[in-house]
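Okay, so the sequence shown: first residue is 389 according to this note's numbering, each after it adds one. Note that beta-carbon positions come from the ideal geometry of N, C-alpha and C, so glycine has one too. Just below is one structure, and these are the notes that go with it.
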Amino acid sequence: MDGVAAAGLYLYLRGNPESVVYLTEPYNLHSTLNHAVSSRYERLVITDLGVNPSTYRELVEKLRAIRELGTGIVWYDHHVWNENWVKGVREIGVELHLDTSTCATGVVAKYTEPLRQVDHEYVDQLVRGVCAGDLWRFDHWLGPYYIRLIRRRDKDSWKKRVLLYIASGQYWSSEFNSKVERHVDLELSLLSDKLVVYTKNINNYYRVAVVEDEEIIDSSFIAPYVMGRYNANVVVVASSNGKISFRSRGVSVRDLAVRLGGGGHSYAAGAKIRIPWYIRLLSKIQRKLLLVYVANLITRELERVLTYLGE
389 MDGVAAAGLY
399 LYLRGNPESV
409 VYLTEPYNLH
419 STLNHAVSSR
429 YERLVITDLG
439 VNPSTYRELV
449 EKLRAIRELG
459 TGIVWYDHHV
469 WNENWVKGVR
479 EIGVELHLDT
489 STCATGVVAK
499 YTEPLRQVDH
509 EYVDQLVRGV
519 CAGDLWRFDH
529 WLGPYYIRLI
539 RRRDKDSWKK
549 RVLLYIASGQ
559 YWSSEFNSKV
569 ERHVDLELSL
579 LSDKLVVYTK
589 NINNYYRVAV
599 VEDEEIIDSS
609 FIAPYVMGRY
619 NANVVVVASS
629 NGKISFRSRG
639 VSVRDLAVRL
649 GGGGHSYAAG
659 AKIRIPWYIR
669 LLSKIQRKLL
679 LVYVANLITR
689 ELERVLTYLG
699 E
């Protein structure tokens with residue numbers, strides 16, 4: 389939701405210029421930029437996408453090629469960046485706005501010069517609502533709604549429809565209500581059944597709980613539920629395609645995510661790992677096999693992180 393809201397807010401603030409929107413993930417950003425190379429846009433704006441270490445060099449080369457075409461590049465993000473990444477991106481002429489104190493929508497609101505008369509109440513409600521959900525603090529009534537409004541597996545057509553509402557200056561629409569209500573009903577039915585969870589301890593002090601990703605419930609909701617029920621320090625929400633999300637209390641999962649080629653925040657991060665084909669196949673028969681494989685991998689890497697940090 390944060391990336392969509394950030395893009396919509398940018399368009400709103402800039403007077404809704406004619407634009408083309410591409411939706412992507414950090415690990416695939418370098419490939420998505422091929423569109424910008426071939427289309428010669430006047431300006432390229434990137435929102436809510438951090439750097440994936442494994443594709444950083446390819447990413448910089450694509451950005452350099454786009455800049456050489458005369459395209460201006462503006463990048464808004466709120467994830468933690470390595471200083472070398474910041475330097476490398478700015479050296480090729482990218483206008484990078486990086487602020488870890490807020491969500492990406494907040495970064496856009498803070499650093500974008502508006503080209504229109506702005507409804508400040510609209511901007512304030514949007515930013516506070518999106519940040520409440522994205523930063524996992526839920527201190528605004530819109531936070532739980534926004535997290536359910538856009539899910540990772542939703543169709544791009546729905547995400548772009550929401551973006552158009554935001555770009556028009558609406559932080560909520562009656563059209564959104566039924567989408568949220570359906571998700572709440574599905575979440576309640578899932579949590580009332582027994583979730584498949586696998587736990588593993590490290591040094592009798594840290595507990596890692598791994599749960600399979602469910603299309604109908606966001607990681608930000610399932611993670612605290614599992615964390616509380618299983619008294620876990622780290623919750624890993626794992627998909628058979630290798631995409632994993634981390635949530636934690638008292639452990640910097642960003643360090644763990646970086647080791648696995650991902651990134652994020654101290655207590656909410658993500659990465660993509662390789663799941664062997666036989667694990668993907670057999671886990672369709674025995675779901676826990678995927679969880680055991682991921683738990684073994686994560687605890688091994690987490691032990692290395694804790695050793696490095698002296699914990």
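Inset, instruction - May I ask which residues mark the beginning and end of the alpha helix (DSSP H) holding residue 482? - result: Here residue 482 corresponds to residue number 94 of the sequence shown, with the count starting at 1. Annotation for residue 482: no alpha helix (DSSP H) segment contains it, and DSSP assigns it neither H nor E.
Inset, instruction - Decide if the segment 455 to 466 is in contact with the segment 491 to 510; the criterion is three or more beta carbon pairs, one per stretch, under 8 Å apart. - result: Short answer: they touch.
Inset, instruction - Would you mind giving the Cβ-Cβ distance between residue 396 and residue 551, rounded to the nearest angstrom? I have them listed as a contact below 8 Å. - result: For this step, residue 396 is matched to residue 8 along the sequence shown. For this step, residue 551 is matched to residue 163 along the sequence shown. Yes, residue 396 and residue 551 are in contact; Cβ-Cβ is about 4 Å, under 8 Å.
Legend entry - Neighbourhood of residue 561 by C-beta distance below 8 Å, restricted to the same chain and skipping five residues each side: In the sequence shown, counting from the first residue as 1, residue 561 sits at position 173. Once the five neighbours on either side are set aside, the close Cβ partners of residue 561 are 553.
Legend entry - Run of the beta strand (DSSP E) containing residue 600, from where it starts to where it stops: Counted from its first residue, the sequence shown places residue 600 at position 212. Here the beta strand (DSSP E) through residue 600 covers 594 to 600.
Legend entry - Three CB pairs or more closer than 8 Å across the segment 419 to 430 and the segment 504 to 522: No contact exists between the segment 419 to 430 and the segment 504 to 522.
Legend entry - Buried or exposed (CB count within 10 angstroms, at least 16 for buried), residue 535: As a position in the sequence shown, residue 535 is number 147, starting the count at 1. With at least 16 other beta carbons inside 10 angstroms of its own, residue 535 counts as buried.
Inset, instruction - Inspect the beta-carbon positions of residue 595 and residue 621 and report whether they are closer than 7 Å. - result: To locate residue 595, count along the sequence shown from 1; it is residue 207. To locate residue 621, count along the sequence shown from 1; it is residue 233. Cβ distance < 7 Å, so residue 595 and residue 621 count as in contact.
Legend entry - residue 425 in three-state terms, based on DSSP: Against the sequence shown, residue 425 aligns to sequence position 37. Under the three-state reduction of DSSP, residue 425 is assigned to helix.
Inset, instruction - Over the uninterrupted alpha helix (DSSP H) stretch that includes residue 390, give me the two end residues. - result: Along the sequence shown, one-based indexing puts residue 390 at 2. Residue 390 -> alpha helix (DSSP H) spans 390 to 401.
Inset, instruction - Indicate whether the contact test is met: 3 or more Cβ pairs, each with one atom in the segment 657 to 677 and one in the segment 566 to 580, closer than 8 Å. - result: Too few Cβ pairs lie closer than 8 Å, so no.
Inset, instruction - Give me the Cα-Cα distance between residue 590 and residue 626, rounded to the nearest whole angstrom. - result: Here residue 590 refers to the residue found at position 202 when the sequence shown is read from its first residue. Here residue 626 refers to the residue found at position 238 when the sequence shown is read from its first residue. In this structure, the straight-line span from the alpha carbon of residue 590 to that of residue 626 is close to 19 Å.
Inset, instruction - Assign residue 642 to one of two classes, buried (16 or more other C-beta atoms within 10 Å of its C-beta) or exposed (fewer than that). - result: Position 254 of the sequence shown, counted from the first residue, corresponds to residue 642. Burial call: buried.
Inset, instruction - Below 8 Å on the Cβ atoms is my guess for residue 428 versus residue 459; work out the distance and round it to an integer in Å. - result: The count along the sequence shown starts at 1 and reaches residue 428 at position 40. The count along the sequence shown starts at 1 and reaches residue 459 at position 71. Between residue 459 and residue 428 the Cβ distance is about 7 Å, and since that is below 8 Å, they are a contact.
Legend entry - Span of the alpha helix (DSSP H), counted from its first residue to its last, around residue 420: The residue labelled residue 420 in the question sits at position 32 within the sequence shown. Here the alpha helix (DSSP H) through residue 420 covers 417 to 420.
Inset, instruction - Please classify residue 449: is it buried, with 16 or more other beta-carbons within 10 angstroms of its beta-carbon, or exposed? - result: As a working mapping, residue 449 is identified with position 61 in the sequence shown. By the neighbour-count rule (16 or more Cβ atoms within 10 Å), residue 449 is not buried but exposed.
Inset, instruction - Go ahead and label residue 671 buried or exposed: buried means 16 or more other beta carbons lie within 10 angstroms of its beta carbon, across all protein chains shown. - result: Within the sequence shown, the letter at position 283 stands for residue 671. Buried: at least 16 other Cβ atoms inside 10 Å.
Inset, instruction - May I have the straight-line CA-CA distance separating residue 651 from residue 644, to the nearest angstrom? - result: Against the sequence shown, residue 651 aligns to sequence position 263. Against the sequence shown, residue 644 aligns to sequence position 256. Whole-angstrom Cα-Cα distance: 8 Å.
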